[in-house]
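A short worksheet on the structure shown next.
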Ligand code: NI
């Protein structure tokens with residue numbers, strides 16, 4: 007396994023639209039394993055392939071407290087969404103140290119392929135439902151800060167770019 011480099015907002019590559027995975031083969035399983043390792047290492051609850059500059063529809067999520075329930079979603083699709091909406095403070099490994107409220111469906115039903123290439127379907131609520139919607143947004147090139155006001159987004163952009171400059175200087 008290998009740790010992958012996670013792109014940081016406002017990297018334009020984060021706005022790439024991912025393509026469907028045509029075959030769940032050894033290459034995809036390796037990607038999944040590397041993404042899981044990278045997500046756990048960074049202490050995240052989810053990671054989309056887009057964030058590691060691979061533009062295929064692959065997501066890993068683990069919202070469990072013990073960090074021992076990895077979920078692999080390949081070619082995920084939402085087959086149902088609740089009318090009820092919820093506000094949650096979200097963060098993102100591509101936008102470190104920024105958290106803000108985003109409105110999402112409270113419950114979603116997801117259909118996806120697993121690491122074994124087999125289809126599965128599950129209903130999610132709470133943090134898992136939020137994580138699924140957040141990660142699926144990444145696959146269409148959308149970062150959660152795009153739900154915030156232009157003013158907030160500009161501030162975050164400035165902060166992120168400054169952070170990169172500071173890191174380069176060190
Ligand atoms: Ni994210």
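Residue numbers (this note's numbering): 7 to 176.
Even glycine gets a Cβ: it sits at the ideal position worked out from N, Cα and C.
None of the values given here were measured: they were computed from a predicted structure.
Quiz item: Which of the three DSSP states, helix, strand or coil, is assigned to residue 52?
Solution: The answer is strand: DSSP assigns residue 52 an E or B state.
Quiz item: Using the rule of at least 16 other Cβ atoms within 10 Å of the residue's Cβ for burial, across every protein chain shown, is residue 172 buried or exposed?
Solution: Exposed, because fewer than 16 other Cβ atoms sit within 10 Å of the Cβ of residue 172.
Quiz item: Whose C-beta lies closer than 6 Å to the C-beta of residue 159 among residues of the same chain, with five residues either side of it excluded?
Solution: Spatial neighbours of residue 159 in its own chain (CB-CB distance under 6 Å, excluding positions within 5 residues in sequence) are listed in chain order as 151.
Quiz prompt | Span of the beta strand (DSSP E) around residue 23 | solution = Annotation: residue 23 is outside any beta strand (DSSP E) and is labelled neither H nor E by DSSP.
Exercise. Just the C-alpha distance for residue 118 and residue 126, rounded to the nearest angstrom, thanks.
Key: If you take the alpha carbons of residue 118 and residue 126, they lie about 6 Å apart.
Quiz prompt | Extent of the continuous alpha helix (DSSP H) to which residue 34 belongs | solution = Unbroken alpha helix (DSSP H) run through residue 34: 32 to 47.
Self-check item: Cβ shell of residue 96 (< 8 Å), same chain only, five flanking positions each side left out
Solution: Counting only Cβ-Cβ distances below 8 Å, and skipping sequence neighbours, we find 105, 106, 107, 108, 136, 140 and 150.
Quiz item: Any Cβ of chain C within less than 9 Å of the Cβ of residue 88?
Solution: This model lacks chain C altogether, as it is built from one protein chain only.
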